[in-house]
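Residue numbers (this note's numbering), protein chains in the order written: chain A, 1 to 342; chain B, 1 to 342.
First comes the structure, then the notes that go with it.
Number of protein chains: 2
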Amino acid sequence: MTEKTKSGSRATIKHVAEDAGVSVAAVSKVLRDAYGVSESLRGKVRASMEKLGYRPLAAARGMRGQTYTIGIVLPDIRNPFFADILTGVNTALERTQYRPLIGISHSSVETEMAMVESMIDRQMDGLLMIGSTETRGNLELVAGRKPLVAVGHHDPEATQFDTVNNHDQLGAMLVVKHLTAGGYKKISMLSLISGTSTILAQRELGYRRGMMEAGLGKNIKILHSAQTLREVKITANKMLSSPTPPEAIFCWTDLIALEVISVAKEMGMQVPGDLAVVGYDNTMFCDFAQNNLTSVDQSGEQLGLQATRLLIERIKGRNAAEHFVVTPRVVVRQSSDPRNSP
Amino acid sequence: MTEKTKSGSRATIKHVAEDAGVSVAAVSKVLRDAYGVSESLRGKVRASMEKLGYRPLAAARGMRGQTYTIGIVLPDIRNPFFADILTGVNTALERTQYRPLIGISHSSVETEMAMVESMIDRQMDGLLMIGSTETRGNLELVAGRKPLVAVGHHDPEATQFDTVNNHDQLGAMLVVKHLTAGGYKKISMLSLISGTSTILAQRELGYRRGMMEAGLGKNIKILHSAQTLREVKITANKMLSSPTPPEAIFCWTDLIALEVISVAKEMGMQVPGDLAVVGYDNTMFCDFAQNNLTSVDQSGEQLGLQATRLLIERIKGRNAAEHFVVTPRVVVRQSSDPRNSP
DNA sequence: TATAAAATGTAGAACGATGCACGTAGAACA
DNA sequence: TGTTCTACGTGCATCGTTCTACATTTTATA
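Below, the structure is given as structure tokens:
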């Protein structure tokens, strides 16, 4: 249907105005649903837009105001948990003019900031940063320039941006509670090397508190590994081949838990049986029978949905910070079957 | 360091020009590495840009020319294979001014086209469509408006856009060859419902040819399932509980193969042993001991790298279509251990 | 030394939208 | 009938770049 006014070139607001026999300003008003447009004018303009296949150019809009684009910064495309969040984002954006565009930071702080800069250069209306490991200061710097919502970053005191999280500390405590109820005592945690991740800090704290409350303070043991699977493998190996290996390992995210199961299997151990493993995020892979991984569900979809709503509110002018927290729950599967069960 | 010329507002080319005591045009020339700039001018301008923390606004650039942004359309963020492709894209983009921005189509043709339109609205310089199921006609329509490279879409006759693929037909044939060499005869294929995917067509063709050449034409059996894991589960169940179940299943992508392994396990079958399973893409999950999945490596990283190079060439003006194909290879793991092995 | 050619820099018109400031018509009111 | 409102439309400056056309300076050539 897309008819072109001039050969090859795209229809502009000017073409629409000419075709409808009205002014450019009038067309702009229709576009923006601005005040002072009669039904008949609106009709004419809409018809011409349809006829010419007109679509507003985001770049031109960006020069004066909004681009109706929101930027989403993801640390890692491999972790399927982020897909859940994106599903929620999409739902929230469905009936709006806003479109999401995604950038990957590959868990590098420099790349993350470069990504953010690049998004600001492209005049995005707002930013959704997921699992960011930036400091509060840096995030505030960003928030000073664009509406910002951080998902997976605890900072309840932040005033410049919103945060959306699950209660990571509680999630970790629930894991410990679940494992101790199953008869496990030597429970270690496999975390990530990262001086700045607030969600890791919370999960580690929750683990510690859980262990303390269960009277297992002396068994607290947290190992840190880098992001890559190679590193995880080495660390898991070290854990399992120690003279006093853990009976259960709580991993900071499912992906890592799967690697731990793999290492255990390669060492000839049974999961469950010789070792219990629990992950976090309850991603789709937990359900596979060969993994059957107990995990903590933090409802990524709901987080994404809520974060997007907050971001749009911010774009529309809200200034007071909001901090949204959902309650996680443990989804029990075989990988954490009770000890000494028949 | 980012000093602001005016409170709150970002430094523009004008501020830089003033600060350096030259014209706006001169700054633009430096920015674009255009002809007719002396070393001293370049130096002055660079210094001012640094001092003011100047960054060109992509939206404004887009009004006149390039935005130095390339759009990448992915069907599905859950399939880790795409992460490999993106790694290659990043490598290719490293020393360039171009930045990638990603859109997810959720394997929906409508969403995919909407995504493409949205990217064109945002003045992206070129598009990388990955695993697109669009028809040639639609892709040509897009290619008429923006430089386009399709990854994972066979169309060697296309003249308007480039394609980058592995040799899917060969890949599938190699799988059949590998399985027959291991003593398997009743080999089925689990494919995707999609009338238009050219890579699936090629993989199915390769499977058929492989079976024919092995003299197993009568055993050819291809089942189609929708994308969702629920559907895959149902289909796999049907396959395995048939009166004459297959000895081996070749799955069109790893993710599906993992689900098949899961279903088989749930039915009390051993993989390998009672059933061999082979995937495609050789994603990171294949390596996990609990999966240990034989798969076809198509070197996603190389595909992404090559595709990006081609796209940049196109953006810079190349018109003749290029069609790049890499040779796949089977990566053997335990899931396809030879039949009746000790 | 005169002149052509090359190198360097500038002015200013686009690009496609937005939205302020303003004009005009018709309705409502006195 | 005159005056004040309100509703509806329009003209035009503006956003931050790019890039053509042109002016000026320097260098090379005869």
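Glycine included, each C-beta is placed from N, C-alpha and C at the ideal position.
Just so you know, these numbers come straight off a predicted model, no measurement behind them.
Buried or exposed: which applies to residue i, given that a residue is buried once 16 or more other Cβ atoms fall within 10 Å of its Cβ?
i: R333 (chain B); result: buried
i: Q290 (chain B); result: buried
i: E259 (chain A); result: buried
i: Q202 (chain B); result: buried
i: D84 (chain A); result: buried
i: A181 (chain A); result: exposed
i: P243 (chain A); result: exposed
i: P156 (chain B); result: exposed
i: R230 (chain B); result: exposed
i: P342 (chain A); result: For P342 (chain A), the predicted model reports a pLDDT of 45, less than 50, meaning its position is unreliable and no value from the coordinates is stated.
i: D121 (chain B); result: buried
i: D33 (chain B); result: exposed
i: N166 (chain A); result: buried
i: A58 (chain A); result: buried
i: G195 (chain B); result: exposed
i: T163 (chain A); result: buried
Indicate whether at least one CB of chain A lies closer than 8 Å to the CB of residue i.
i: N291 (chain B); result: yes
i: T308 (chain B); result: no
i: P147 (chain B); result: no
i: E140 (chain B); result: no
i: L229 (chain B); result: yes
i: S197 (chain B); result: no
i: A26 (chain B); result: no
i: K238 (chain B); result: no
i: K14 (chain B); result: no
i: K6 (chain B); result: Since pLDDT at K6 (chain B) reaches only 38, below the 50 mark, its modelled position is unreliable, and the value read off the structure follows with that caveat. It does not; no Cβ of chain A falls within 8 Å.
i: L192 (chain B); result: no
i: I375 (chain B); result: The displayed coordinates of chain B run from 1 to 342. Any statement about residue 375 (chain B) would go beyond what the structure contains.
i: M284 (chain B); result: yes
i: D297 (chain B); result: no
i: I222 (chain B); result: no
Quick one: what's got a C-beta closer than 6 Å to residue i's C-beta in the same chain, skipping five residues either side?
i: N282 (chain B); result: S295, D297, V331
i: I13 (chain B); result: V24, V27
i: I193 (chain A); result: H224, A226
i: M269 (chain A); result: L275
i: T91 (chain A); result: L305
Alpha carbon to alpha carbon, what distance is there between residue j and residue i?
i: E134 (chain B); j: P75 (chain B); result: 11 Å
i: K186 (chain B); j: H154 (chain B); result: 29 Å
i: M124 (chain B); j: T111 (chain A); result: 20 Å
i: G215 (chain A); j: L205 (chain A); result: 15 Å
i: T67 (chain A); j: S118 (chain A); result: 14 Å
i: V176 (chain B); j: P56 (chain B); result: 54 Å
i: R339 (chain A); j: G183 (chain A); result: 5 Å
i: L139 (chain B); j: L200 (chain A); result: 44 Å
i: R64 (chain A); j: G304 (chain A); result: 29 Å
i: G126 (chain A); j: W252 (chain B); result: 38 Å
i: P245 (chain B); j: C286 (chain A); result: 27 Å
i: G317 (chain A); j: F161 (chain A); result: 12 Å
i: G273 (chain A); j: M173 (chain A); result: 22 Å
i: K238 (chain B); j: R99 (chain B); result: 46 Å
i: I312 (chain B); j: V89 (chain B); result: 11 Å
Whose C-beta lies closer than 8 Å to the C-beta of residue i among residues of the same chain, with five residues either side of it excluded?
i: S7 (chain B); result: Summary for S7 (chain B): the model assigns pLDDT 37, below 50, so the residue's position carries little reliability; its value from the coordinates is reported in the next sentence. No residues qualify anywhere along the chain.
i: Q169 (chain B); result: Q202, R203, L205, G206, R209
i: E247 (chain A); result: Y184, K185, K186, I187, L275, A276, R339
i: D19 (chain B); result: T5, S48, K51, L52
Check whether the Cβ of residue i lies closer than 8 Å to any Cβ atom in chain B.
i: G103 (chain A); result: yes
i: L275 (chain A); result: no
i: A58 (chain A); result: yes
i: M113 (chain A); result: no
i: G62 (chain A); result: yes
i: K265 (chain A); result: yes
i: P245 (chain A); result: no
i: D121 (chain A); result: yes
i: E50 (chain A); result: no
Residues in its own chain within less than 7 Å of residue i by CB, not counting five upstream and five downstream?
i: K29 (chain A); result: G36, V37
i: R208 (chain B); result: I220
Any heavy atom of the ligand FAD within a distance shorter than 7 Å of the CB on residue i?
i: Q227 (chain A); result: With respect to the ligand FAD, the structure shown offers nothing to examine, as it has no ligands at all.
Tell me, please, whether the region 146-163 of chain A touches the region 98-106 of chain A by the rule of three or more beta-carbon pairs shorter than 8 Å. Flag = no, the region 146-163 of chain A and the region 98-106 of chain A do not touch.
Three CB pairs or more closer than 8 Å across the region 256-263 of chain B and the region 37-47 of chain B: no
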